[in-house]
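**Student:** Could you have a look at this structure, given as structure tokens, before my questions?
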Amino acid sequence: MAFAKLYGEPLFKLPTDLYIPPDALEIFLEAFQGPLDLLLYLIRKQNFNILDIPMAQVTRQYLEYVDQIRVRNLELAAEYLLMAAMLIEIKSRMLLPVKKVDTGEEAEDPRAELVRRLLEYEQMKLAAQQIDTLPQLGRDYLRAQIFIEQNMVTRWPDVNVVDLQSAWADVLKRAKLTAHHTISREELSVREHMTGILRRLQSSRFVEFADLFDPSRGVPVLVVNFIALLELAKETLIEITQAEAFAPIYVRLAYSPA
10 MAFAKLYGEP
20 LFKLPTDLYI
30 PPDALEIFLE
40 AFQGPLDLLL
50 YLIRKQNFNI
60 LDIPMAQVTR
70 QYLEYVDQIR
80 VRNLELAAEY
90 LLMAAMLIEI
100 KSRMLLPVKK
110 VDTGEEAEDP
120 RAELVRRLLE
130 YEQMKLAAQQ
140 IDTLPQLGRD
150 YLRAQIFIEQ
160 NMVTRWPDVN
170 VVDLQSAWAD
180 VLKRAKLTAH
190 HTISREELSV
200 REHMTGILRR
210 LQSSRFVEFA
220 DLFDPSRGVP
230 VLVVNFIALL
240 ELAKETLIEI
250 TQAEAFAPIY
260 VRLAYSPA
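The sequence shown begins at 10 in our numbering and counts up by one.
Laid out in structure tokens, this is it:
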């Protein structure tokens, strides 16, 4: 009869190099936080009166548990052995005749100190369990997070006079490069150029400052066009804006509320 199957093939003999340590599989039915936790468990499980602990029975059960863990983990058993010695000492003191103290009162019960420690530990354990039942972030609930999109109104910086002069000087410089020597007389109308600029801005939201000038038409036309631009700005029919310092200057129609 096969012991098991390996890759689908029956295994009739255990491998000689297979080693399974004795503690490969351990099942812990009860986990204790320390000697007091084990002692309290033994008392509460058997419904003993914690104010009148049957020391012989509890000590025997306690030592049985210590013997089990001492075989597997000697370092862990050392802490429990100290409590076992304390239980044996209490039981020994209970077997001795009770002596009265000098004040005439009866001596304190040898179990009194142990009972006090057990009651304090039980109170702390119950408090910890109550705290653990409280809702915890990440275990019982998650923090809600939402994103609210906000539209920020773009505030364009004011155009400096120096920047406007620099832009105008650049336009003049380019106009001189294409200047003609033909002398002619031409009547130029500021109002006509104002109308032309407004028509140009109606078809575009933003127009760069330099694009409003045609250097090929000569300096006189550029001057009149620039005066028309200043008149429109004076009458608040257009706005001259700049995104940031040293950025290109743009011209657009002034906003008029409906």
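Even for Gly, the Cβ is constructed at its ideal location relative to N, Cα and C.
#1: Can you check whether the CB of Val180 is closer than 8 Å to the CB of Val233?
#2: As a quick exercise: from Lys100, Leu231, Tyr264, Pro257, pick the residue whose alpha carbon is nearest that of Leu246.
#3: Check each candidate in Ala256, Arg226, Ser225 and name the one with the smallest Cα separation from Phe218.
#4: Give a single yes or no on whether Ile258 has its beta carbon closer than 7 Å to a heavy atom of the ligand COA.
#5: Pull up the distance between the alpha-carbon of Val230 and that of Arg164, whole angstroms please.
#6: Could you pull the start and end residues of the alpha helix (DSSP H) that Pro229 belongs to?
#7: Look at the alpha carbon of Thr142 and the alpha carbon of Gly17, and state the distance between them as a whole number of angstroms.
#8: To the nearest angstrom, how far is it from the Cα of Ala267 to the Cα of Gln145?
#9: Evaluate contact between the stretch 124-133 and the stretch 49-63, counting only Cβ atoms and requiring at least three cross-stretch pairs below 8 Å.
#10: Just the C-alpha distance for Glu129 and Glu88, rounded to the nearest angstrom, thanks.
#11: Using the three-state DSSP reduction, which class does Tyr150 fall into: helix, strand or coil?
#12: How far does the beta strand (DSSP E) with Gln251 in it reach, from first residue to last?
#13: Report the three-state DSSP secondary structure of Pro19 (helix, strand or coil).
#14: Assuming contact is defined by CB atoms lying nearer than 8 Å, are Met64 and Ile99 in contact in what I supplied?
#15: Hey, could you find the ends of the beta strand (DSSP E) Leu262 is sitting in?
#16: Once the 5 residues before and after Ile36 are set aside, which same chain residues still bring their CB inside 8 Å of it?
#17: Quick check: the Cα distance between Met203 and Glu240, rounded to an integer number of angstroms?
#18: Going by DSSP, what residue range makes up the alpha helix (DSSP H) through Asp172?
#19: Can you name, in chain order, every residue of its own chain whose Cβ lies under 7 Å from the Cβ of Ala254, other than the five neighbours on each side?
#20: Would Leu197 and Leu221 qualify as a contact pair, given that the criterion is a beta-carbon distance under 8 Å?
**Tutor:** Taking the coordinates as given:
#1: no
#2: Tyr264
#3: Ala256
#4: Absence of the ligand COA from the depicted structure is noted, as is the absence of any ligand whatsoever, leaving it without description.
#5: 33 Å
#6: 228-243
#7: Cα to Cα, the separation comes out at about 48 Å.
#8: Residue placement at Ala267 is poorly supported in this model, since its pLDDT is 49, which falls under 50; the coordinates still yield a value, given next. The straight-line gap from Cα to Cα measures roughly 55 Å.
#9: yes
#10: 19 Å
#11: strand
#12: 247-251
#13: Strand at Pro19.
#14: Closer than 8 Å, so yes.
#15: 258-262
#16: Any reading at Ile36 must be qualified, since the residue scores a pLDDT of 45, below 50, and its modelled position is unreliable; the value itself is stated next. Closer than 8 Å at the Cβ level, and outside the excluded window around Ile36, lies no residue.
#17: 8 Å
#18: 170-186
#19: none
#20: No, Cβ-Cβ distance for Leu197 and Leu221 is not below 8 Å.
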